[in-house]
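Student:
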Amino acid sequence: MKRISELQKKPLFKTFPFKTILAVLATGMLAYLLAKTDLKLLWAHLRQLPLPIMLLLIALQLLTQLALNYQWYRLCKSLNMKTSFFRLLVANSYGVIADAITPGEKVGGEVVRVVQLKRMLGYGTGQSASLTAIQKSISIFALVLLNIAALAALSGRIGFLQAAAAKTVLILILAALALFLLSMVFYTDKINSFMQRLPFNGKTARGIKKWMMGFASDTKQISSQPKRWIFQLLLSFGIWALFPMKLFILVSQYTVVNIFVLYAVTFISYFAAMIPILPGGLGTFEGTMSGLLLVYGLTPEEAVAVSLVFRFVTFWFVVLLSAAVILLWKLLSYIRKKEYGFE
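Going by the numbering used here, the sequence shown opens with residue 352, and the numbers climb by one from there.
Rendered as structure tokens:
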């Protein structure tokens with residue numbers, strides 16, 4: 352009886368090692384790829400990538416980062432918040448650095464963004480949190496829709512997805528997530544009313560209720576003009592669309608693969624990287640993308656080379672760029688403080 356009572360006190364998700372199992376699976380996939388990969392041949396593939404192609408990929412990534420920052424800028428304008436494109440870029444750069452050291456899609460980067468938006472632009476904590484929540488909801492909603500399309504496109508080529516039950520379950524999970532994100536943006540008034548009626552009045556509960564009230568007010572401002580939501584969603588689709596374009600350019604150096612297939616490979620890999628195992632989705636992303644590329648005729652060396660270059664351009668280059676933006680901001684702040692006595 353004592354043992355049963357002890358188990359009842361422990362939450363299931365803490366007693367069952369989901370994270371450990373996922374980590375083992377990701378490590379196993381990477382180990383398999385490394386075992387099948389000729390490292391000398393892999394290095395040869397990496398060295399053979401033409402410099403103009405690498406520069407084109409970097410240019411597309413710069414465009415991606417500017418488009419993402421523009422999305423934040425337009426959201427601020429929609430919420431009637433005084434803003435600065437460069438200050439938003441700096442605040443997001445801090446978030447990128449935090450994302451790089453936190454596992455998967457955890458909240459580390461978002462918390463840092465909230466803090467930096469408050470510090471850099473003078474927004475209140477509630478405003479910063481609302482802005483971050485709205486942007487994240489729109490971006491992930493677009494990614495979920497793209498993943499539903501990706502699963503439909505790839506289901507005939509991946510073994511376990513050929514089973515109708517597996518495909519149905521995955522699509523239902525993604526659809527439920529999409530509906531949840533949709534409700535967070537379009538039905539915040541009802542959610543807020545429900546939250547305000549809850550019989551909890553502790554300090555934390557009051558803080559959540561206060562934020563929810565502000566969040567409902569902020570989303571209502573955008574909802575009053577549906578074109579703003581449509582623009583934001585289309586912008587998210589456009590930003591995400593730049594990623595398979597980069598993969599298409601890379602894969603084209605080795606073989607011909609349908610761009611719609613690469614579109615599916617890209618978004619499934621990004622969704623897998625959201626699993627909180629290692630910092631920045633490290634390992635999960637590379638293993639998933641390489642494994643999917645093997646299905647479409649690339650050799651292990653080619654698949655790993657493509658995954659590594661793609662990951663460098665879309666992740667590590669962005670981390671380095673963000674560090675450079677922060678250093679530039681620090682330098683400009685130092686000069687202004689020294690010359691004019693303010694930052």
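C-beta atoms are modelled at their ideal positions from N, C-alpha and C, and glycine is treated no differently.
Quick check: the Cα distance between P362 and W667, rounded to an integer number of angstroms?
Tutor: In this prediction, P362 scores a pLDDT of 44, lower than 50, which makes its location untrustworthy; no coordinate-derived value is stated.
Student: Report yes or no: do the region 615-626 and the region 588-604 share at least 3 C-beta pairs separated by less than 8 Å?
Tutor: Cβ pair count under 8 Å is three or more, so yes.
Student: Between the region 485-494 and the region 574-586, do three or more beta carbon pairs fall short of 8 Å?
Tutor: With the cut-off at 8 Å, the region 485-494 and the region 574-586 touch.
Student: What does the Cβ neighbour count give for G589, buried or exposed, with the cut at 16 atoms within 10 Å?
Tutor: Exposed is the call here.
Student: Kindly list the residues whose CB is nearer than 7 Å to the CB of S673, restricted to its own chain and excluding five residues on each side of it in sequence; keep chain order.
Tutor: So the qualifying residues of the chain are S444, V447 and I448.
Student: Would you mind sorting S544 into buried or exposed? The rule is 16 or more other CB atoms within 10 Å of its CB.
Tutor: With fewer than 16 Cβ atoms within 10 Å of its Cβ, S544 is classed as exposed.
Student: In whole angstroms, what separates the C-alpha of G565 from that of P401?
Tutor: Using only the alpha carbons, I get a separation of about 51 Å.
Student: Please go through the region 575-643 and give each complete alpha helix (DSSP H) segment of 4 or more residues, from N-terminal end onward.
Tutor: Here the runs fully enclosed are 577-602 and 610-624.
Student: Is the number of C-beta pairs between the region 596-607 and the region 650-658 that are closer than 8 Å three or more?
Tutor: Touching, yes, given that three or more Cβ pairs across the two stretches are closer than 8 Å.
Student: If you run the structure through DSSP and keep just helix, strand and coil, what is Y421?
Tutor: In this structure, Y421 counts as helix in the three-state DSSP scheme.
Student: Buried or exposed, going by whether 16 or more other CB atoms sit within 10 Å of the CB of D569?
Tutor: Per the 10 Å Cβ criterion, buried.
Student: Alpha carbon to alpha carbon, what distance is there between A395 and V646?
Tutor: Rounded to the nearest angstrom, the two C-alpha atoms are 22 Å apart.
Student: Alpha carbon to alpha carbon, how far is R579 from K571?
Tutor: Answer to the nearest angstrom: the Cα atoms are 11 Å apart.
Student: Do three or more CB pairs link the region 421-430 to the region 471-488 at distances below 8 Å?
Tutor: Touching, yes, given that three or more Cβ pairs across the two stretches are closer than 8 Å.
Student: If I measure Cβ to Cβ from L556 and keep anything under 8 Å in the same chain, skipping five residues before and after, which residues do I get?
Tutor: Note that residue 556 is Ala in the sequence shown here, rather than Leu. Correct list, in chain order: L549.
Student: Have a look at L644 and T617 and give me their C-alpha separation to the nearest angstrom.
Tutor: One C-alpha to the other measures close to 10 Å.
Student: Which residue comes first and which comes last in the alpha helix (DSSP H) that contains T539?
Tutor: That run of the alpha helix (DSSP H) goes T539 to R548.
Student: Is the beta carbon of L408 closer than 9 Å to that of E652?
Tutor: No, these two residues do not count as a Cβ contact at 9 Å.
Student: According to the Cβ coordinates, are T476 and W423 closer than 9 Å?
Tutor: Taking 9 Å as the Cβ cut-off, T476 and W423 do not qualify as a contacting pair.
Student: Short of 6 Å in beta carbon distance, which residues of its chain neighbour W680, apart from the five on each side in sequence? Order them along the chain.
Tutor: Cβ neighbours of W680 beyond the five flanking positions: V441.
Student: Relative to the alpha-carbon of I610, which residue among T639, A501, L533 and Y691 has its alpha-carbon at the smallest distance?
Tutor: Here the closest residue by C-alpha is A501.
Student: G648 and T606: beta carbons closer than 9 Å?
Tutor: Yes, the pair counts as a contact, with Cβ atoms nearer than the cut-off.
Student: Leaving aside the five residues before and after L613 along the sequence, list all residues of the same chain whose C-beta is less than 7 Å from its C-beta, in chain order.
Tutor: The answer, listed in chain order, is P595, L598, F599 and V602.
Student: DSSP three-state call for P401: helix, strand or coil?
Tutor: Residue state, collapsed to three classes: coil.
Student: Relative to the C-alpha of Q576, which residue among R662, K689, I542 and L426 is closest?
Tutor: Nearest option by C-alpha distance: L426.
Student: Expressed to the nearest angstrom, what Euclidean distance is found between the alpha-carbon atoms of M708 and T434?
Tutor: Residue 708 lies beyond the residue range present for the chain, which begins at 352 and ends at 694; the question has no answer from this structure.
Student: Return helix, strand or coil for L649, following the three-state DSSP convention.
Tutor: Here L649 sits in coil by DSSP.
Student: Buried or exposed: E461, going by 16 or more other Cβ atoms within 10 Å of its Cβ?
Tutor: Label assigned to E461: buried.
Student: With 16 other CB atoms within 10 Å as the buried threshold, where does D450 fall?
Tutor: So D450 counts as buried.
Student: Less than 9 Å separating the beta-carbons of N498 and L533?
Tutor: No. Outside cutoff.
Student: I need the straight-line Cα distance from V676 to L682, nearest angstrom please.
Tutor: Distance between the alpha carbons of V676 and L682 is about 10 Å.
Student: For Y474, collect the residues of the same chain with a Cβ closer than 6 Å to its Cβ; drop the 5 residues on either side in sequence, then sort them by chain order.
Tutor: Once the five neighbours on either side are set aside, the close Cβ partners of Y474 are L468.
Student: Can you tell me where the alpha helix (DSSP H) holding V670 begins and where it ends?
Tutor: Its alpha helix (DSSP H) spans residues F668 to Y691.
Student: Could you confirm whether any beta carbon from chain D is found closer than 9 Å to the beta carbon of Q399?
Tutor: The structure shown contains no chain D; it is built from a single protein chain.
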